[in-house]
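Counting from 1, one number per residue, gives the positions in the sequence shown under the UniProt record's numbering.
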Amino acid sequence: MEEILPPGVRFYPTEEELVSFYLHNMLQHNSNDKIRRVIPLLDIYQLHPSQLPQHCGEVCRGDTEQWFFFVPRQAREVRGGRPSRTTASGYWKATGTPSYVYSSDNKVIGVKKSMVFYEGKAPAGAKTKWKMNEYRAIKEDFCTSIPMLRHEVSLCRVYVVSGSFRAFDRRPTHVPANSISKEVKIVQENDKITLSTNQIAGMLQERSWSSSSEGNCRKFKGDDQWSGSFDGM
């Protein structure tokens, strides 16, 4: 199938967007084919996490770091029981405490729970690199101090902890990680200029702030804070 997004473009929504747009529309039965193509409905607890990428939405195909799914409520939840996060090969274990998801105007719109996948039987399973954030929306008309959750459908972000930099940040394996703190060499025409990273930072700072034509500014001695007035700001 032809790629939906061109190289370099990633589906990377904020938590507010996940809850207030995608999950909200799913709960209100406003999800159309476009939303389902982005985030499919899947019972992720029927599969090993390594199988989930092949079931992800079209915009996440080819992504090696994270995938999104709508997860339906289990039958035991309908009867008032707690959800089972056990799979045929392991189980998802909650880590930390749940936290609220806020909108841009500081309104509570959902709850996030973080989990890690363990292979084997609880409680002696082996911890894996697979992690998940589960998002549940709250009822918009709640009138108590504690928000009421909606359980019909949740939205899960499954991701892996690779232990390495993203492809954008990676450097050759023979280059030591601390080499960035050493000298940066710039070759211009036939002359070689060697600058330290501190010198480069100083040059950029001086270029950005020292122009007197854009306003009066001064630097406090002994720290890196600037003050002054600037025209047009």
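From the three backbone atoms N, C-alpha and C, an ideal C-beta is built for every residue, glycine too.
Sequence-distant residues of its chain with Cβ nearer than 6 Å to residue i (five each side left out)
| i | result |
| --- | --- |
| Glu134 | Lys113, Ser154, Cys156 |
| Met26 | Phe70, Val153 |
8 Å Cβ shell around residue i - same chain, five flanking residues per side excluded
| i | result |
| --- | --- |
| Val108 | Tyr100, Val101, Tyr102, Ile138, Pro147 |
| Glu16 | Val101, Tyr102, Ser103, Ser104, Ile109 |
Whole-Å CB distance - residue i paired with residue j, under 8 Å assumed
| i | j | result |
| --- | --- | --- |
| Pro72 | Leu41 | 6 Å |
| Phe69 | Ile44 | 5 Å |
| residue 234 | Val111 | Summary: the structure shown does not reach residue 234, with the chain confined to residues 1 through 233, and so no result is reported for it. |
| Lys93 | Met115 | 6 Å |
Own chain partners of residue i with C-beta closer than 7 Å, once the 5 adjacent residues on each side are dropped
| i | result |
| --- | --- |
| Tyr159 | Glu65, Gln66, Lys131 |
| Ala122 | Tyr91 |
| Gly125 | Gly90, Tyr91, Tyr118, Glu119 |
| His24 | Ala137 |
| His55 | Pro40, Leu42 |
| Arg37 | Gly57, Glu58 |
Contact with chain D by residue i, beta-carbon distance below 8 Å
| i | result |
| --- | --- |
| Val111 | Considering every chain present, this structure includes no chain D. It has just one protein chain. |
Straight-line gap, residue i to residue j (C-alpha atoms, nearest Å)
| i | j | result |
| --- | --- | --- |
| Asn32 | Ser89 | 33 Å |
| Gly8 | Asp63 | 11 Å |
| Pro83 | Phe21 | 24 Å |
| Thr95 | Asn30 | 32 Å |
| Thr87 | Gly57 | 22 Å |
| Arg85 | Pro98 | 16 Å |
| Ile39 | Ser162 | 23 Å |
| Glu140 | Thr14 | 20 Å |
| Pro53 | Val59 | 11 Å |
| Leu18 | Phe11 | 11 Å |
Ranges of the beta strand (DSSP E) found wholly within the UniProt domain "NAC" (5–161), counting only runs of at least 3: For the UniProt domain "NAC" (5–161), the continuous beta strand (DSSP E) assignments of 3+ residues that do not extend past its boundaries occur at 66–72, 90–102, 108–119, 126–137, 153–160, in sequence order.
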